[in-house]
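**Student:** Here the sequence shown stands for residues 245 to 377, numbered as in my numbering.
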Amino acid sequence: MKKRQVLLCVFCAGWLWFPVAADMGIMPVTDGKTITETNKIDLRGKFETGGLRSGGDVVTAEIQGDFILATFYKNLGNVRVTLTESTGEQIYETVVNTSAHLQSFIPLLGLSSGVYTITFSNEKGMMYGDLEI
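Here you go:
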């Protein structure tokens with residue numbers, strides 16, 4: 245009986261610490277700058293998510309300083325993220341496993357001024373949006 249009570253206490257204590265460990269609030273900030281402004285990127289397109297909770301944003305993207313923060317609100321599996329120049333030249337590509345990562349950071353540091361397109365795609369669909377640096 246004593247062993248059971250100790251295990252229950254340990255289990256409950258673990259739940260008290262879980263929210264702190266799950267979101268430490270770590271965000272990349274370059275050159276010691278504090279991010280005071282974000283610019284949301286208007287995304288078009290859609291993903292076929294199915295299920296009862298298929299409404300709402302699936303992916304959002306916003307510029308925060310020298311990077312784009314992409315947030316995935318639904319598990320889409322592996323999503324290919326690309327950034328292309330207005331000329332069509334692809335300058336960045338990565339694959340994000342949305343079942344393991346809810347956010348992705350796309351670097352903008354070193355890019356010249358201009359219009360770029362960010363694209364999120366996989367077999368379930370595609371969303372894309374333009375941004376200006």
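Glycine included, C-beta positions come from ideal geometry on N, C-alpha and C.
(1) Quick one: grab the DSSP three-state call for residue 302.
(2) Tell me whether residue 352 sits in a helix, a strand or coil according to DSSP, three-state version.
(3) What are the start and end residues of the beta strand (DSSP E) that includes residue 285?
(4) In the DSSP output, what is residue 290 paired with across the bridge?
(5) Would the beta-carbon of residue 349 fall within 8 Å of that of residue 303?
(6) Report the rounded CA-to-CA distance for residue 368 versus residue 281, giving the unit in angstroms.
(7) Can you give the beta carbon distance from residue 287 to residue 354, rounded, assuming they're within the 8 Å contact cut?
(8) For residue 309, count neighbouring Cβ atoms within 10 angstroms of its own Cβ and tell me buried if that reaches 16, exposed if not.
(9) Put residue 346 into one of helix, strand or coil per three-state DSSP.
(10) Leaving aside the five residues before and after residue 311 along the sequence, list all residues of the same chain whose C-beta is less than 7 Å from its C-beta, in chain order.
(11) Helix, strand or coil: which one does DSSP assign to residue 331?
(12) For residue 313, report the span of its beta strand (DSSP E) as first-last.
(13) How many whole angstroms separate the CB atoms of residue 342 and residue 319, which I take to be in contact at a CB cut-off of 8 Å?
(14) Pick from 340, 370, 366 and 322: whose alpha carbon is nearest that of residue 313?
**Tutor:** Here's the rundown:
(1) coil
(2) In this structure, DSSP gives residue 352 a state outside helix and strand, which the three-state scheme calls coil.
(3) 282 to 285
(4) 370
(5) no
(6) 32 Å
(7) Rounded, the Cβ-Cβ distance is 24 Å, inconsistent with contact.
(8) buried
(9) Look at residue 346 here: in three-state DSSP terms it is coil, with no helix or strand label.
(10) Answer for residue 311: 272, 349, 350, 351 and 352, listed in chain order.
(11) Residue 331: coil per DSSP, three-state reduction.
(12) Annotation for residue 313: the continuous beta strand (DSSP E) segment containing it runs 311 to 316.
(13) That pair is a contact at about 5 Å.
(14) 340
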